[in-house]
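Taking it in order: structure first as structure tokens, then the write-up.
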Amino acid sequence: MQNVVSRLLCRFAFASSSPPSTTASYLVLRLALSLTRAVSARYLIFVIYSHTISAPLTDEDKETTASPSESLDVSYGLNGALAARGVIVKEKVFHNLKKTELLKHGATSIDNLSGIPLYVRGDTLGEAPEISKAQFSKLLKQVTCHISSVSKIFVVDGVIGSPSNCDAKVRIISDNPSAMLSLSKILWETPSRAISHDSCPLTVYVASSMSSSARDILGFGSQASNGFAAADVERSSVILCGRAYANTNTTKFALLALAAPVISARGGLPLSARLLLSGDSTILLFAPEDTFLRCSELHKVAISSDAGVILSFHGAAPFFQTTHSPASHVIKKPTSLVIVMADSTGVVPAVSNLSSGQAAYHFLAGYQDGKFVPAFLKPPSPIEPLELAKALFLQVEESEIPSYLINANDGGRHITGKRLLELVKSTLCSKLPESKTNVADSKVRDLKRKYKSFLSGKFINLPEEFYF
1 MQNVVSRLLC RFAFASSSPP STTASYLVLR LALSLTRAVS ARYLIFVIYS
51 HTISAPLTDE DKETTASPSE SLDVSYGLNG ALAARGVIVK EKVFHNLKKT
101 ELLKHGATSI DNLSGIPLYV RGDTLGEAPE ISKAQFSKLL KQVTCHISSV
151 SKIFVVDGVI GSPSNCDAKV RIISDNPSAM LSLSKILWET PSRAISHDSC
201 PLTVYVASSM SSSARDILGF GSQASNGFAA ADVERSSVIL CGRAYANTNT
251 TKFALLALAA PVISARGGLP LSARLLLSGD STILLFAPED TFLRCSELHK
301 VAISSDAGVI LSFHGAAPFF QTTHSPASHV IKKPTSLVIV MADSTGVVPA
351 VSNLSSGQAA YHFLAGYQDG KFVPAFLKPP SPIEPLELAK ALFLQVEESE
401 IPSYLINAND GGRHITGKRL LELVKSTLCS KLPESKTNVA DSKVRDLKRK
451 YKSFLSGKFI NLPEEFYF
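When you line the sequence shown up against the UniProt record's numbering, it's residues 1 to 468, in that order.
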């Protein structure tokens, strides 16, 4: 009987040939929802409603849709979009609240939390802990049901990188205003309607109060006692359970895993690199994480402390928001590209000029005193290092970006941060400093052989343009 009445009420709401009155129709739908207890039926009603209202919005409607509101009339388009992601608004939804507004809803600042595990489906490097398709589906169902059960839902939209034709839009759906206070500091701002107009936005679900039940059902064990994060590249979705939202690095790694295929498909290169500013010049720097962290002098000129840059023919930009970024986070084409490696044999000079093929080769190797870190990548990554190297070669070749190799090892010891910065800045000069080595040819052959053995064993059909 309830289902029959609900169907009649929905038919009444859409019976008029003209657009329904927003308030009257929404009240009818709310009545239908109160009589319909099945989540799938509630989901269908919202989806039908969001696709049925086709009349142009008035200026007042547009303003209401784009602005935060505590009314049940908040945004039918937003309600429908959330329903399409399995989240049904029970009472209130708040969209893109500012910090002061989040604080009014009880948001509190939380210290960065470490030790949050990240489980990934779709990591090509094969180093991140995996989660199966069935596990992720089960977890997602739990999380969406949980968020649908809370009285207040918080939604924040943002973007990873820029320019807009190479970025990745992100929508965060949370049961907790404190999570939004933390996560909104990561993403760049984007217009309110950008998500609805995007073909493949990423979705982050935050369920701060259900980590223990989800952990037990999925069998993650005690290592996830404070919470955990799970990402599915195929679904373009991230789930943050418990206090996982308080671990900035884990959240960024998960978002990067999802954003990389989107950015790449739009013509951007998602690189594990940093942008340095020196006067009017911009340097694209590839360096091992420990080398960067050890050199405080580099921190002072880096736009972002995070290793994450989108490179395109339009320019370059850091992945995430940072207080050190300039007002416009879209940077012009890099003045130079610098790859930092470490060789204690003395074969590689302090600084040397590279062709585009050599730059791609050393980038792919990521050589550090006998160890290789292909493309300087850290897991998880859904993109093969060789594909990144090929794309970087084309960018450097066509954009004519001068490229250089710096050896951060001098006679078996790491050079100082001051010296490294001097070498990096020297790449902006028309004439490089004198840099010669006096080593036996056998050592040169040994190092080249080591490169070739690793790269040919790991990657099939290296391009002919790639060489030492």
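Cβ coordinates follow ideal geometry from the N, Cα and C atoms, glycine included.
All values reported here derive from a predicted model rather than from experimental measurement.
message: So for F459, helix, strand or coil by DSSP?
response: Along the sequence shown, one-based indexing puts residue 459 at 459. In this structure, F459 counts as coil in the three-state DSSP scheme.
task: Going by CA-CA distance only, name the one from P402, E397 and G366 that's closest to L386.
output: Mapped onto the sequence shown, residue 386 falls at position 386. Of the candidates P402, E397 and G366, the one whose C-alpha sits nearest the C-alpha of L386 is G366.
message: Along the chain, where does the beta strand (DSSP E) containing M210 start, and where does it finish?
response: Locating residue 210 in the sequence shown gives position 210, counting from the first residue. First-last for M210: undefined, no H or E at that position.
query: Start and end of the alpha helix (DSSP H) containing I263?
result: Taking the sequence shown and counting its residues from 1, the one referred to as residue 263 is at position 263. First-last of the alpha helix (DSSP H) with I263: T248 to A265.
query: I think G158 touches I263, with their Cβ atoms under 8 Å apart; what is that distance to the nearest whole Å?
result: Residue 158 sits at position 158 when you count from the first residue of the sequence shown. Residue 263 sits at position 263 when you count from the first residue of the sequence shown. Not confirmed; about 15 Å, so no contact.
message: Using only CA atoms, which one of V373, K371, S305 and T282 lies nearest to I331?
response: The count along the sequence shown starts at 1 and reaches residue 331 at position 331. Relative to I331, the option among V373, K371, S305 and T282 whose CA is nearest is T282.
task: Give the straight-line distance between the Cα atoms of S174 and D306, rounded to the nearest whole angstrom.
output: Translated into positions along the sequence shown, residue 174 becomes position 174. Translated into positions along the sequence shown, residue 306 becomes position 306. Their backbone Cα atoms lie some 25 Å apart in a straight line.
message: Can you check which of these residues, S196, I186, E91 and S192, is closest to I147 by C-alpha distance?
response: Position 147 of the sequence shown holds residue 147. It is E91.
field: Where T345 sits in the DSSP three-state scheme
entry: Taking the sequence shown and counting its residues from 1, one reaches residue 345 at position 345. Here T345 sits in coil by DSSP.
field: Spatial distance of S453 from K443 (CA atoms)
entry: Here residue 453 refers to the residue found at position 453 of the sequence shown. Here residue 443 refers to the residue found at position 443 of the sequence shown. Take the alpha-carbon of S453 and the one of K443: they are about 15 Å apart.
field: Under 8 Å between C-beta atoms of K333 and G315
entry: Translated into the one-based positions of the sequence shown, residue 333 becomes position 333. Translated into the one-based positions of the sequence shown, residue 315 becomes position 315. Contact flag set, yes.
query: From which residue to which residue does the alpha helix (DSSP H) around R294 run?
result: Position 294 of the sequence shown, counted from the start, is the residue given in the question as residue 294. Counting along the chain, the alpha helix (DSSP H) containing R294 begins and ends at E289 to R294.
task: Identify whether V87 lies in helix, strand or coil by the three-state DSSP scheme.
output: As a position in the sequence shown, residue 87 is number 87, starting the count at 1. Looking at V87 - three-state DSSP - the assignment turns out to be coil, as it is neither helix nor strand.
- prompt: Are P112 and T248 closer than 8 Å when you measure CB to CB?
  reply: Sequence index remark: in the sequence shown, residue 112 carries index 112 (1-based). Sequence index remark: in the sequence shown, residue 248 carries index 248 (1-based). Per the sequence shown, the amino acid found at residue 112 is Asn instead of Pro. Yes.
query: Within this structure, are the beta carbons of P463 and A128 separated by less than 8 Å?
result: Your numbering for residue 463 matches position 463 in the sequence shown. Your numbering for residue 128 matches position 128 in the sequence shown. For P463 and A128, no; Cβs fall outside 8 Å.
message: Tell me which residue opens and which closes the alpha helix (DSSP H) that L392 is part of.
response: What you label residue 392 is simply residue 392 of the sequence shown in a count that begins at 1. Looking at the DSSP string, the run of the alpha helix (DSSP H) that includes L392 is P385 to S399.
field: Beta-carbon contacts of V348 that lie in its chain and below 6 Å, excluding the five residues immediately before and after
entry: Counted from its first residue, the sequence shown places residue 348 at position 348. Hits under 6 Å: N407.
- request: Rounded to whole angstroms, what's the CA-CA distance from Y205 to L139? Just pull it up for me.
  value: Residue numbering aside, residue 205 sits at position 205 when the sequence shown is read from its first letter. Residue numbering aside, residue 139 sits at position 139 when the sequence shown is read from its first letter. One C-alpha to the other measures close to 11 Å.
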